[in-house]
């Protein structure tokens, strides 16, 4: 009668440890990094969401940025308070908790008159914008809104 050993070999254990390390690294890289400009994350998220919605719905979206707040709007058919760029169209503010907000602290340095408008087109194009946000302590932080910047930050 032959005695059979039971258990795992050293090689099998090393493979399992390596796989656990790979999974742990993927989880850690997916976590958001703590940064001083966390106040800008809702604006980034709103821009990313508007870009995705514009492509999914095949409609024009815009993000209007004021010194201390922002608002998303969508171009729709009809007549309203704010006419759109095409005949028989109007801009309608989006009613969603992601679509508008106020910065907790600090404000944007806007070039020119407020609001600054970022366009999101149905084909995925975005008006590339490079903004400076000043925290209450006066420290400047950059906010880059472009297709590459928004979706590079969305994936680990």
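Numbering (the working numbering), first residue to last: 8 to 163. Glycine included, C-beta positions come from ideal geometry on N, C-alpha and C. The structure displayed is predicted, hence computed values, not measured ones.
The DSSP-derived three-state label of residue 121 is coil.
Counting along the chain, the unbroken beta strand (DSSP E) around residue 83 starts and ends at 76–84.
Comparing alpha-carbon positions, the option among 106, 63, 97, 37 lying closest to residue 71 turns out to be 106. Separation of residue 142 and residue 54 (C-alpha to C-alpha, rounded to the nearest whole angstrom) is 20 Å. In this structure residue 69 is buried. Its beta-carbon is surrounded by 16 or more other beta-carbon atoms within 10 angstroms.
Residue 36: member of the alpha helix (DSSP H) spanning 17–37, first to last residue. Contact check for residue 123 against residue 46 fails: the beta carbons are separated by 7 Å or more.
Scanning its chain for C-beta atoms nearer than 6 Å, with the 5 sequence neighbours on each side dropped, one finds around residue 56 the residues 105, in chain order.
Annotation: the continuous alpha helix (DSSP H) that includes residue 59 extends over 48–64.
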